[in-house]
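For the sequence shown, position 66 (counting from the first letter as 1) is numbered 65 according to numbering that gives the first Met the number 0, and the numbering increases by one without interruption.
For every residue, glycine included, the Cβ atom is placed at its ideal position computed from N, Cα and C.
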Amino acid sequence: MPAIGVFALQGDVREHLQALTALGAAAFPVRRPRELDQCDGLVLPGGESTTMAKLARTFELLDPIRERVKAGMPTFGTCAGMILLADRIEGGTADQETIGGLDVTVRRNAFGRQVDSFEADLDFAGLPAPVHAVFIRAPWVEQTGPDVEVLAEAHGHPVAVRQGHLMATSFHPEVDGDGRVHRLFLDLVQG
Ligand code: GLN
Numbered sequence: 000m001p002a003i004g005v006f007a008l009q010g011d012v013r014e015h016l017q018a019l020t021a022l023g024a025a026a027f028p029v030r031r032p033r034e035l036d037q038c039d040g041l042v043l044p045g046g047e048s049t050t051m052a053k054l055a056r057t058f059e060l061l062d063p064i065r066e067r068v069k070a071g072m073p074t075f076g077t078c079a080g081m082i083l084l085a086d087r088i089e090g091g092t093a094d095q096e097t098i099g100g101l102d103v104t105v106r107r108n109a110f111g112r113q114v115d116s117f118e119a120d121l122d123f124a125g126l127p128a129p130v131h132a133v134f135i136r137a138p139w140v141e142q143t144g145p146d147v148e149v150l151a152e153a154h155g156h157p158v159a160v161r162q163g164h165l166m167a168t169s170f171h172p173e174v175d176g177d178g179r180v181h182r183l184f185l186d187l188v189q190g
């Protein structure tokens, strides 16, 4: 049973804990470095990426998470969590820090006002039936490095990607009760 931490200083932590627990993982919130030490894998939830980065810095989690990600800890970012994993951000605040590791440029609040929150059924690489995706002021991926695999697209842009031990989605697979995307992440952890 893999031990999966959910970054819990801000964001929709409970939904991820439920989704992971339903799949048989030992899921727990991560608020301090010693909790991070217990993780086989880490989830960065949706929320507000600027706030999450600031709190991670304040609570001395930012550098420890960076180090674990660099050392190969499987990590899954959803929405704001995708922004935190990205090496480059468009539309961020001037001083916005990321954890980084994922060789992508991510555009914050990319879908604009008209479609700022929406739902769509998306083809998803490796899954036989479409995934119902909930987007909430979501980013999209603007540019991908050579090692990044695109798993799903919406409005002509990647919205789910994988690079080695890192996975990210623009949408919120934790809110609709379909565990398949979390299952792919657990496969990555147990892989
Ligand atoms: N717009 C948010 C941000 O830039 C992300 C929204 C979300 O996680 N649902 O951080």
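Using DSSP's beta-bridge definition, name the partner residues of residue i.
{"i": "H154", "result": "Looking at the DSSP assignment, H154 forms no beta bridge with any residue, so it has no partner."}
{"i": "Q199", "result": "There is simply no residue 199 to check, as the chain begins at 0 and stops at 190 in what is shown."}
{"i": "A167", "result": "G76 and V160"}
{"i": "G40", "result": "I3"}
{"i": "E148", "result": "R161"}
When the Cα atoms are used, what is the spatial distance from residue i to residue j?
{"i": "D86", "j": "Q95", "result": "12 Å"}
{"i": "V103", "j": "A21", "result": "31 Å"}
{"i": "A159", "j": "F170", "result": "8 Å"}
{"i": "S116", "j": "R56", "result": "29 Å"}
{"i": "G10", "j": "V105", "result": "19 Å"}
{"i": "V29", "j": "A52", "result": "14 Å"}
{"i": "A79", "j": "G111", "result": "16 Å"}
{"i": "Q37", "j": "V180", "result": "23 Å"}
{"i": "Q142", "j": "P73", "result": "22 Å"}
{"i": "V68", "j": "Q189", "result": "16 Å"}
{"i": "T49", "j": "G91", "result": "8 Å"}
{"i": "G40", "j": "E173", "result": "16 Å"}
{"i": "A26", "j": "G45", "result": "17 Å"}
Kindly indicate the opening and closing residues of the alpha helix (DSSP H) around residue i.
{"i": "P28", "result": "That residue, P28, is in no alpha helix (DSSP H); its beta strand (DSSP E) goes A25 to V29."}
{"i": "A21", "result": "V12 to A21"}
{"i": "V68", "result": "L61 to K69"}
{"i": "P32", "result": "P32 to L35"}
Looking at the unbroken beta strand (DSSP E) that takes in residue i, where does it start and where does it end?
{"i": "A2", "result": "A2 to F6"}
{"i": "V188", "result": "Counting along the chain, V188 falls outside any beta strand (DSSP E), though it belongs to the alpha helix (DSSP H) covering R179 to Q189."}
Just to confirm, is the Cβ distance from residue i to residue j under 8 Å?
{"i": "L60", "j": "L84", "result": "no"}
{"i": "A167", "j": "L101", "result": "yes"}
{"i": "A24", "j": "L185", "result": "yes"}
{"i": "V133", "j": "H156", "result": "no"}
{"i": "R107", "j": "E118", "result": "no"}
{"i": "Q162", "j": "E148", "result": "yes"}
{"i": "G99", "j": "H164", "result": "no"}
Identify every run of the alpha helix (DSSP H) within the stretch 75-138, keeping only runs that are complete inside it and at least 4 residues long; order them along the chain. 79-84
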